[in-house]
Amino acid sequence: MSSQYHDPANVTNPEHSEHHIIGPGTYILVYVSLLILTGLTVAAAFVDLGILNPVLAVGIACVKGTVVILFFMHVFYQSKLIKLTVTAGFFTFLVLITMTLSDYMSRAWGLW
Amino acid sequence: MSAATIVNLPDQKTAVIPKKNYINAEDGILSWLFTADHKRIAILYLISITFFFLVGGTFAGLIRLELLTPQPDLVASDTYNKLFTMHGIVMIFLFLVPSIPATLGNFLIPIMIGTRDLAFPKINLLSWYLYMFGAIFLSAAIVLGGVDTGWTFTTPLSTHYLNTHVVTAGLGVFIVGFSSIFTGLNFIVTIHRMRAPGMTWFRLPLFVWSNYAASVLMVLGTPVLAITLVLVVLERTIGIGVFDPTKGGDPLLFQHLFWFYSHPAVYIMILPGFGVISEVMSTFSRKRVFGYSAVAFSSVAIALFGFFVWAHHMFIMGVSNYSALVFSLLTMLVAVPSAIKVFNWSFTMQKGSITFETPMLYALAFIGLFTIGGLTGVFLGSLGMDIHLTETYFIVAHFHYVMVGGMLMAFLAGLHFWWPKLTGRMYPESISQLSAVTSFIGFNLTFMPQFMLGYLGMPRRYHSYPPEFQVLNVLSTAGATVLGFGFLMPVLYLLWSLKYGKIAGNNPWQATGLEWQIQSPPLTENFIEMPVMDHEAYDYEWLAHKTEQEVTTVG
Amino acid sequence: MDNAIVATHDTHVEEHHVELPQLRHHFETEEQQREAGTFGMWLFLLTEIMFFGGLFFAYLLYRNWYNPAFVAASNQLSIPLGTVNTAVLISSGFFMALGVWAAEVRKKSLLVLFLILTNIAGLAFLGVKAVEYKEKWDKHHIPGAHFDITEFVNPPLNPKTGKPVEEPLSPDMAQKTQLFFVLYFAMTGMHALHMVIGIVLLFWLTYRANRGEFTEGYVAPIENFGLYWHFVDIVWIFLFPLLYLINRHPGT
Amino acid sequence: MHISPVLWQFLVKWLNASALFPREASTIAPYTDALYFFLLLITIVGLTLVGALVFGFAIRYRKERSPIATQVEGSTLLEATWTIIPLALFLICFVWGALLYFRIFNPPANAMNIYVVGKQWMWKAEHQGGQHEINSLHVPTGQPIQLTMISQDVFHSFSIPDFRVKREVIPGRYSTVWFEATTPGTYHIFCTQYCGTKHSGMIGEVTVLTPDDYKKWTEESTSGMSLAQNGERLFASMGCNSCHSGSATSRGPNLANVYGSKLKLANGSEVLVNEAFLRDTILNPSQHVPVGYAPIMPTYQGQISEEGLIDLVEFIKSLKTNYRVQQTLTTSESNQVTPQDTTGVVKP
Ligand code: HEA
Ligand code: HEA
Ligand code: CUA
Ligand SMILES: [Cu+2]
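Protein chains in written order, with this note's numbering: chain A, 188 to 299; chain B, 7 to 561; chain C, 2 to 253; chain D, 9 to 356.
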């Protein structure tokens with residue numbers, strides 16, 4: 188009876204993926220690009236770009252964060268489930284930010 | 007396919023408590039305090055939350071006694087304020103949030119999905135310790151003189167204008183919050199990673215689905231409460247001023263952050279209850295749940311949309327009119343999945359073969375009371391109506407209908423339903439039916455008048471009130487007394503049944519879930535051999551088939 | 002028969018795997034256990050995102066309301082120190098990543114080395130942070146009773162040009178610099194707290210790594226700690242531009 | 009059973025004195041009640057429907073009558089029905105509620121403004137004409153009243169159930185609500201937001217008078233100084249006039265006619281000058297610097313009470329020319345004499 192229903196895909200979940208080992212080469216590449224990006228934000232901070240200054244700073248931070256998540260944290264090689272989980276986290280974070288912000292923005296900004 | 011009802015199994019009469027089970031697997035209090043067995047942890051939780059329910063209930067009793075007369079006569083104003091604050095905090099954070107997930111969920115989810123334990127047994131134990139640790143803080147706050155912020159910790163009142171134990175209580179809630187985060191985390195991982203072979207998502211019992219949805223809310227919502235409380239505590243202790251208007255902070259920011267957790271929290275509280283109702287309705291109608299996937303998806307939809315509506319608690323608090331509009335609309339949307347569930351449960355009964363044991367009575371009470379509670383929530387979600395109703399007893403009635411009439415009834419339904427599995431013994435049937443009816447009547451008598459009081463304009467958190475509100479308040483207090491008896495009875499007879507209850511056997515309800523196919527009380531390892539799921543959830547034909555086979559093999 | 006549906010499924014799945022001592026009894030396979038661990042860690046990190054989320058929102062809000070104050074207060078932070086610290090932290094993350102690799106390819110001494118390097122970088126970060134905090138203390142920029150706004154109302158004069166080094170703030174706006182520092186300390190403090198916890202864990206992991214526990218195929222603790230450590234990095238990656246770099250252009 | 013007549017009388021009186029439905033005493037009330045009855049109707053229909061289903065099935069399919077259950081999968085058609093119908097009903101509730109909300113929170117242009125200051129644990133009302141009340145409020149019928157409210161300490165909430173209006177009173181920020189009373193009488197004012205120990209004592213009474221009675225009341229209870237006049241005095245004594253002198257050389261901007269105008273700010277935005285803006289510029293001047301001015305105005309945070317701020321705001325609102333400012337200048341120069349006699353001065 189048992190083998191008939193046996194579904195090995197379910198023991199190790201269908202959501203799993205192969206364990207992937209990332210070598211030092213990738214890490215060095217990532218490391219260097221992170222340092223470069225850090226230099227870039229600092230440099231950009233000294234250039235007057237008006238409204239674009241904070242946008243650029245946060246933009247670069249996002250890129251750096253993504254790189255860390257994808258490579259240092261291996262998400263690039265992980266199962267869909269993990270990718271989805273990470274996305275869900277940032278999604279909820281964005282819900283918090285945007286929905287709250289939308290309340291403040293539709294009032295008189297800065298004047299309550 | 008020919009329909010199937012199941013003749014009672016012979017095992018009920020000949021049943022004995024199995025020699026080896028999780029309860030007697032090890033002896034001594036330490037074996038409980040250091041257990042990693044999800045079932046034992048569930049029992050630890052059950053004992054603790056029952057204790058705190060009685061504490062919270064006693065506060066409720068005192069509140070109702072005070073409100074018997076319009077004058078402030080039983081207790082002083084600040085004592086009254088402490089009473090409802092501690093009633094709210096204890097009931098919500100120490101009772102209702104952990105109620106079903108941490109007890110029934112903890113006990114049943116691993117068994118239902120066919121595994122030996124939760125993914126992280128030690129973290130599970132840790133979460134009980136965190137709960138107890140937080141509870142100690144809260145008890146300390148109570149014993150040392152109480153808090154009187156209201157369970158909502160409204161700033162700047164809580165940060166600058168009160169001299170009570172806000173910090174202690176805040177830290178207590180903070181710690182309890184982590185207990186609930188870890189429970190949720192454990193459930194999610196377990197449900198994703200540890201299902202038995204053949205246990206696909208759409209073969210999961212609906213109880214698992216709804217707990218899964220609640221866990222997502224716990225994991226993503228609770229941290230926001232945690233950081234908010236940290237800021238409140240810092241503001242009180244070193245005066246940092248993030249929420250203080252005199253320092254340029256915004257008290258509304260607190261409201262946003264608090265309700266970002268606390269609205270999802272109400273779904274943390276109700277969703278596991280939904281799961282229980284699905285199980286109970288199906289079992290006592292001997293029929294699969296009508297529209298399985300609709301019920302499953304509606305849980306997920308509630309969890310998802312639950313994050314988008316928090317500002318409906320702030321409609322008159324000074325949010326912009328436009329965002330009030332958006333949040334009101336979303337509130338209406340989030341009410342729809344609940345409606346879907348209610349109708350699906352009703353239709354589960356159609357063409358069934360229904361019996362009315364206690365869990366079913368509680369479940370029927372749930373459906374009625376939750377419908378009232380939910381639809382009055384729609385009153386509150388409707389902007390213009392909310393202006394008149396907010397901060398009045400209408401709200402008090404609304405949330406007691408969903409939390410007590412809904413979740414507490416569901417908890418009792420589940421507790422009775424799975425009591426045989428938890429303990430191996432039956433609860434006494436007729437007295438428990440009596441208590442179900444008593445609490446139903448008492449409940450309505452308590453909280454129905456509060457709807458009227460609310461529309462009349464009686465504000466909540468009022469220690470004294472104008473005399474023309476007295477009649478309704480007297481009714482409410484009378485109801486609370488009945489309700490108190492209705493809730494006290496189960497505590498007593500369930501304790502009694504531990505020793506004197508009839509021995510239940512493996513599957514007294516002839517239910518289909520995996521948990522009913524193993525001995526009761528279960529073994530520490532749950533299963534002797536790992537199960538393989540080869541049929542849908544709620545497959546009564548499979549069960550009938552199985553029992554027939556068993557009868558022949560045994561006989 | 003208690004478990005009629007409970008059937009023995011073929012044991013060959015398990016046979017493929019070396020039974021490790023670390024396999025907890027309730028997991029079917031080692032792989033299942035590892036994936037459960039990773040997933041659990043990620044869920045925990047989600048709660049961290051939301052935890053910091055509240056602070057980030059508060060920052061966003063007040064930065065927009067009290068922009069001049071936030072700019073002035075932000076200019077009090079030392080960019081060189083911040084930049085160095087960012088680099089230090091990124092290096093620490095880099096070593097950590099290498100540590101995970103070392104564990105995966107079962108090189109014990111490398112693993113220990115990288116863990117120690119990670120830890121050194123982490124401690125260095127905290128050291129620099131302490132220097133910065135000390136400076137805030139000296140300048141009375143710690144929110145609370147000793148907070149002092151004179152520097153924002155009457156900024157010191159630049160000896161060369163004779164002009165104030167900073168745009169002076171009116172007193173009411175200067176008061177709001179306190180909010181900046183509140184958030185600065187709340188955010189960096191919360192971050193530093195995570196670092197401290199991480200460092201304590203690192204010592205313990207290094208000790209265990211040195212005993213060879215993680216180089217026999219059981220790498221989950223190292224991997225999961227790595228996730229935590231990188232997450233703490235990411236928080237800093239956002240904190241650094243937000244706190245140190247806003248509107249730092251030479252014009253003002 | 010015999011009930012003593014005394015007890016009986018008491019019971020009857022007690023029951024008679026108890027309310028079951030609030031009075032409708034404002035123009036809003038009928039609208040709110042209409043929505044309420046609509047929502048009640050939905051609730052009753054929904055509850056009856058669910059009740060009928062549950063009880064119907066419970067009776068029809070109880071085990072005795074239906075010993076064998078027939079397994080049913082579900083029905084997409086039914087699912088769609090009970091998704092769409094409740095959704096439609098809820099959307100009606102939403103639209104209706106939203107319309108009512110905007111009606112309640114958007115005062116008509118001709119509303120008479122009364123200020124309300126909430127503090128632990130009392131309500132203070134300030135009428136234009138300088139009438140001050142504590143825990144009571146006198147209003148005429150047939151005249152839209154706008155309440156501009158602020159709290160000195162914590163959140164409070166101003167509620168008049170019989171008018172069906174309520175709004176949170178927020179620390180540090182004006183909030184408004186309006187109503188038009190229809191029936192003379194007295195009605196409860198409640199503080200409905202929990203605000204500390206004596207929250208339930210923070211109650212009062214609205215007295216609705218006919219316009220004639222109201223006029224009589226205003227005359228009898230005036231303090232002799234209108235809000236604007238009080239403001240004028242403050243304007244001089246706080247030294248505002250030293251900068252806002254109205255002359256071309258003054259360091260501060262001209263305040264005449266500033267109320268209601270659109271102001272260009274130094275940070276590029278444009279704001280409508282209303283009460284809230286005026287209040288906030290006095291407390292946080294450097295956040296609202298108009299184009300062309302240096303942010304030199306000192307903050308008056310903590311120096312002026314909420315009532316004082318209201319007076320100042322009313323004074324600035326009343327400034328149509330700089331005549332009165334110059335008046336204060338002369339009076340304050342002449343030894344800070346309080347301008348007692350301003351009533352006699354003819355405003356140009
Ligand atoms: C378990 C807890 C729980 C649950 C499930 C809910 C469910 C809902 N709640 Fe409730 N709520 C609370 C607990 C809960 N609430 C608490 C504790 C407070 C007060 C907090 C405080 O201030 O202290 C509160 C306050 C509260 C407010 C704020 C009021 C205010 O402060 O002004 C609002 C406003 O929108 C609201 C709305 C809703 C809605 C729309 C739902 C919906 O999810 C309900 C959906 C359900 C249904 C709609 C019923 C089923 C429908 C049918 C059977 C269909 C009927 C058929 C037809 C119409 C044909 N609630
Ligand atoms: C899970 C949540 C939960 C539960 C189960 C209850 C249960 C009850 N609640 Fe509570 N309640 C809240 C959550 C809950 N409540 C919250 C969140 C608030 C808001 C707090 C705030 O404003 O901050 C509130 C507020 C609240 C108020 C409003 C106070 C105010 O605004 O001034 C009232 C008033 O009637 C009330 C009554 C009751 C009653 C009669 C019960 C009954 O169901 C309780 C019945 C149970 C027992 C009675 C215990 C068992 C019996 C005994 C131990 C024997 C002794 C019995 C007697 C002495 C009678 N509650
Ligand atoms: Cu003021 Cu309650
Ligand atoms: Cu809500």
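Every residue gets a Cβ at the ideal spot worked out from N, C-alpha and C, and that includes glycine.
Check                                                                                                             : Outcome
Residue-level contact to chain F via CB, SER266(A), 9 Å cutoff                                                    : Absence of chain F from the displayed structure is noted, the protein chains being A, B, C and D.
6 Å CB neighbourhood of ALA122(C) in its chain, flanking five on each side removed                                : VAL89, SER92 and SER93
Burial state of ILE238(A) (16 or more Cβ within 10 Å)                                                             : exposed
Secondary structure of HIS135(D), DSSP reduced to three states                                                    : coil
Under 9 Å between C-beta atoms of ILE233(B) and TRP157(B)                                                         : no
Contacts that GLU241(B) makes with chain D (C-beta to C-beta distance below 7 Å)                                  : Those within 7 Å of GLU241(B) in chain D number zero; the least Cβ separation is about 14 Å.
Which listed residue (LEU320(D), VAL14(D) and SER34(D)) has its alpha carbon closest to that of VAL173(D)         : SER34(D)
With 16 other Cβ atoms within 10 Å as the buried cut-off, status of CYS203(D)                                     : buried
Sequence-distant residues of the same chain with beta carbon closer than 8 Å to THR373(D), five excluded per side : Only positions 9 to 356 of chain D appear in the structure, and residue 373(D) is not among them; the question remains open.
Run of the beta strand (DSSP E) containing LEU217(D), from where it starts to where it stops                      : 212-217
Alpha-carbon spacing of ASN118(D) relative to GLY268(D), whole angstroms                                          : 15 Å
Inter-residue spacing [alpha-carbon to alpha-carbon] between MET286(A) and PHE314(B)                              : 8 Å
Where ALA82(B) sits in the DSSP three-state scheme                                                                : coil
Backbone CA spacing between HIS551(B) and HIS541(B) [nearest angstrom]                                            : 12 Å
Cβ-based burial, GLU535(B) [other Cβ within 10 Å; buried from 16]                                                 : exposed
LYS127(D), enclosing alpha helix (DSSP H) - first and last residue                                                : Taken as a continuous stretch (DSSP letters only), LYS127(D) belongs to no alpha helix (DSSP H), being part of the beta strand (DSSP E) at 120-127.
Per DSSP, cross-strand counterpart(s) of ASN262(D)                                                                : Note: ASN262(D) sits in no beta bridge, so no partner.
Minimum C-alpha distance to PRO116(D) - residue among THR184(D), ALA274(D) and LEU286(D)                          : THR184(D)
Whether GLY281(B) touches SER216(B) by CB criterion (9 Å)                                                         : yes
Cβ shell of LEU102(B) (< 7 Å), same chain only, five flanking positions each side left out                        : MET275, MET409 and MET413
Contact belief for LYS206(D) with TRP129(D) at Cβ below 8 Å, rounded distance in angstroms                        : 4 Å
Coil, strand or helix - LYS272(D) by DSSP                                                                         : strand
9 Å Cβ cutoff, LEU273(D) in contact with chain C                                                                  : no
Residues near LYS45(B) by beta carbon distance below 7 Å, same chain, minus five either side                      : TYR28, PHE113 and PRO528
Below-9 Å beta-carbon distance, SER79(C) vs any chain A residue                                                   : no
Residues in the stretch 295-317 of chain D having any Cβ partner in chain C nearer than 8 Å                       : GLN295, PRO303, ILE304, MET305, PRO306, THR307 and GLN309
Residues that VAL242(A) contacts on chain C, provided the C-beta gap is smaller than 7 Å                          : The premise fails here: VAL242(A) is roughly 11 Å from chain C at the closest Cβ pair, so nothing lies under 7 Å.
CA-to-CA distance, GLY297(B) to SER83(D), given in whole angstroms                                                : 7 Å
Check: SER470(B) C-beta below 8 Å from any heavy atom of ligand 3                                                 : no
Three-state secondary structure assigned by DSSP to PHE226(C)                                                     : helix
Closer than 8 Å: VAL384(B) CB and nearest ligand 4 heavy atom                                                     : no
Residues with C-beta closer than 5 Å to any heavy atom of ligand 6, in chain order                                : Within the structure as shown, ligand 6 is missing, the only ligands being ligand 1, ligand 2, ligand 3 and ligand 4.
Beta-carbon proximity of SER167(D) to THR398(B), cut-off 9 Å                                                      : yes
Identified DSSP bridge partners for MET145(D)                                                                     : Per the sequence shown, residue 145(D) should be read as Leu rather than Met. Answer is VAL214(D), bridged to LEU145(D).
Separation of GLN237(D) from GLN366(D), as counted between CA atoms                                               : Because residue 366(D) is not part of the residues shown, which for chain D are 9 to 356, the question remains open.
Whole-angstrom distance between PHE113(D) and GLN151(D), CA atom to CA atom                                       : 16 Å
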